[in-house]
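One structure is given below, encoded as structure tokens.
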Amino acid sequence: MVDSLLETLRNNLAAVEERIRTACNRVGRSRDEITLVAVTKSVSAEVACLLPGLGVHDLGEGRPQELWRKFAILQEASLPVRWHLVGHLQRNKVDRTLPLVHCIHSVDSLRLLEAIEKESKAQNLQHSVEVFLEVNASGEEAKHGFAPGDLPSLPEALLNLRGVRVVGLMTMAAFEADPEQTRSTFILLRQLRDQLRPQVAPVHPLHQLSMGMSNDFEVAIEEGATVVRLGTILFEGLPPGEDS
Ligand SMILES: *Cc1c(COP(=O)(O)O)cnc(C)c1O
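The working numbering runs 591 ahead of the 1-based position in the sequence shown.
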């Protein structure tokens, strides 16, 4: 059973890697510039446990409780991974989540960012948690995130927060049947980052762009993504997890 899961996952990963490399080549980027975060929300912890053996050490979850659950299982198995929270974080879950994560991609308000900084100090964490500001660059009503127009007013508040490091901006494009249609969303995120960066660096390096999912990661890479967050195409043909 595990053997066939592993085989499927290995094949999926090889196909994804090939597509990442091809997209990099098209625009003269190096594969090393891009981190692949495997978003495991649709698969079991058993499947997640296979990833480090295939060289994938950055794992993401959408919901804090599910991240806590899988974190415990992989830690128990002594598997070396860095956890990324990619979905909405409620302030009352910051304390439990912070010690477990390498990175939070979904900081969608200053209040949340302040809560993360306060809790980082209180817990005296060994590592400084990296955060991305989520931007609703596609302008869809149902999405979390800062509006693009909110960003120019942020530098002063950001410079007062030195217990967290804002490493970049994150967005989710709208789902499009033709991925080419997502390009303007990714270009906008890059432009917003380029505008904000000189005002907050080096306190907040803002060198990264977390953008690109299964449907549109190649376009995102062409437009400068440094992190792609992939679930569906990585886990095609694998059994669904406890959470889905
Ligand atoms: C689920 C999810 C992903 C992965 O999406 P796929 O389309 O399955 O690749 C990436 N980012 C976020 C924020 C998600 O919630």
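Heads up, the beta-carbon is just placed ideally off N, CA and C, and yes, glycines get one too.
Owing to the predicted nature of the structure, the values given are computational and were not obtained by experimental measurement.
Residue of Arg784, Leu779, Pro743 and Thr773 minimising C-alpha distance to Gly759: Looking from the CA of Gly759, the closest CA among Arg784, Leu779, Pro743 and Thr773 belongs to Arg784.
Stretch pair the segment 679-690 + the segment 710-730: three plus CB contacts closer than 8 angstroms: With the cut-off at 8 angstroms, the segment 679-690 and the segment 710-730 touch.
Which of helix, strand or coil DSSP assigns to Ile824: Ile824: coil per DSSP, three-state reduction.
From Arg660, Gly736 and Val618, residue whose alpha carbon lies closest to that of Glu637: Minimum Cα distance to Glu637 is reached at Arg660.
Cβ neighbours of Gln681 in the same chain (closer than 8 angstroms, five flanking residues each side left out): Closer than 8 angstroms at Cβ, skipping near neighbours: Pro655.
Those runs of the alpha helix (DSSP H) which lie wholly inside the segment 751-821 and span at least 4 residues: Qualifying alpha helix (DSSP H) stretches, in chain order: 774-791 and 808-813.
Limits of the unbroken alpha helix (DSSP H) element including Ser706: The amino acid at residue 706 is misidentified as Ser; the sequence shows Ala. Leu701 to Gln714 is the extent of the alpha helix (DSSP H) around Ala706.
Gly822 beta carbon near ligand 1 (any heavy atom closer than 7 angstroms): It does: the Cβ of Gly822 is within 7 angstroms (strictly closer) of some heavy atom of ligand 1.
Expected contact under 8 angstroms - CB spacing of Glu725 and Ser744 to nearest Å: About 16 angstroms separates the Cβ atoms of Glu725 and Ser744, ruling out a contact at the 8 angstroms cut-off.
Whole-number beta carbon distance between Val819 and Ile625, since they are thought to touch under 8 angstroms: The pair is a contact, with the Cβ atoms about 6 angstroms apart (cut-off 8 angstroms).
Residue range of the unbroken beta strand (DSSP E) whose run includes Ile695: Here the beta strand (DSSP E) through Ile695 covers Cys694 to Val698.
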